[in-house]
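Take the position in the sequence shown, starting the count at 1, then add 218; the result is the number in my numbering. Glycine residues also receive a C-beta, built at the ideal position from the N, C-alpha and C atoms. None of these values were measured; they are calculated from a predicted model. I have placed the structure first, in the form of structure tokens, so that the comments after it can refer back to it.
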Amino acid sequence: MNEKAVEYTGVLNARLNKVQQDFDQQLISIDRLATENTQKATELKAKEDEINGLRQETLHQSAIGEAIQRKLRAIEDQKIEAEQREETLKGQVSALKKELESSRKQTEADKKAIDDLVCARDILNKVLQPCQFYS
């Protein structure tokens, strides 16, 4: 029985060594996988940070774009108002030019009437002077 026990102990020791080697290999594999997992988690965190940064940048750019659109609409509204004001002013200038021309014509007509009256007065004075001489 001693021989069988020694033989059985040898088999058990061989199995123990095999199991110990498998266990050591599993520990090495676990360490390698844990390291890979940590690296992957770090890479994933970096990607998430990059994505969050890009989202923030996109939101910022959208806000800037909206502000520019609001300013553009305001400027377009001001342009329309300025064009309307320009048309109004052109109409007023045209009316004032017509009024000025009418005033010039009236002034010329008044001057002519004054000249005619002065001439008539001069004629009357010439006619009345001999009469005054006799009075």
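Roughly how many angstroms lie between the CA atoms of Glu-304 and Val-311, to the nearest whole one?
One-based indexing of the sequence shown puts residue 304 at position 86. One-based indexing of the sequence shown puts residue 311 at position 93. Distance between the alpha carbons of Glu-304 and Val-311: 10 angstroms.
Nearest-angstrom Cα distance between Gln-238 and Val-229?
The residue labelled residue 238 in the question sits at position 20 within the sequence shown. The residue labelled residue 229 in the question sits at position 11 within the sequence shown. Those two C-alpha atoms are separated by around 14 angstroms.
At the level of alpha carbons, what is the spacing between Leu-318 and Gln-302?
Translated into positions along the sequence shown, residue 318 becomes position 100. Translated into positions along the sequence shown, residue 302 becomes position 84. Rounded to whole angstroms, Leu-318 to Gln-302 spans 24 angstroms at the Cα level.
Using only the alpha-carbon positions, how far apart do Glu-275 and Asp-240 sit?
Taking the sequence shown and counting its residues from 1, the one referred to as residue 275 is at position 57. Taking the sequence shown and counting its residues from 1, the one referred to as residue 240 is at position 22. Taking the straight line joining both Cα atoms gives about 51 angstroms.
Taking the alpha-carbon positions, what's the Gly-309 to Lys-315 distance?
Here residue 309 corresponds to residue number 91 of the sequence shown, with the count starting at 1. Here residue 315 corresponds to residue number 97 of the sequence shown, with the count starting at 1. So the alpha carbons of these two residues sit roughly 10 angstroms apart.
Please report how far the alpha carbon of Ala-259 lies from the alpha carbon of Asn-220, in whole angstroms.
Locating residue 259 in the sequence shown gives position 41, where the first residue counts as 1. Locating residue 220 in the sequence shown gives position 2, where the first residue counts as 1. Computed Cα separation, rounded: 56 angstroms.
Skipping 5 residues on each side, what residues in its chain have a beta carbon closer than 6 angstroms to that of Asn-225?
As a working note, residue 225 is residue 7 in the sequence shown. The sequence given here places Glu at residue 225; Asn does not occur at that position. Counting only Cβ-Cβ distances below 6 angstroms, and skipping sequence neighbours, we find nothing.
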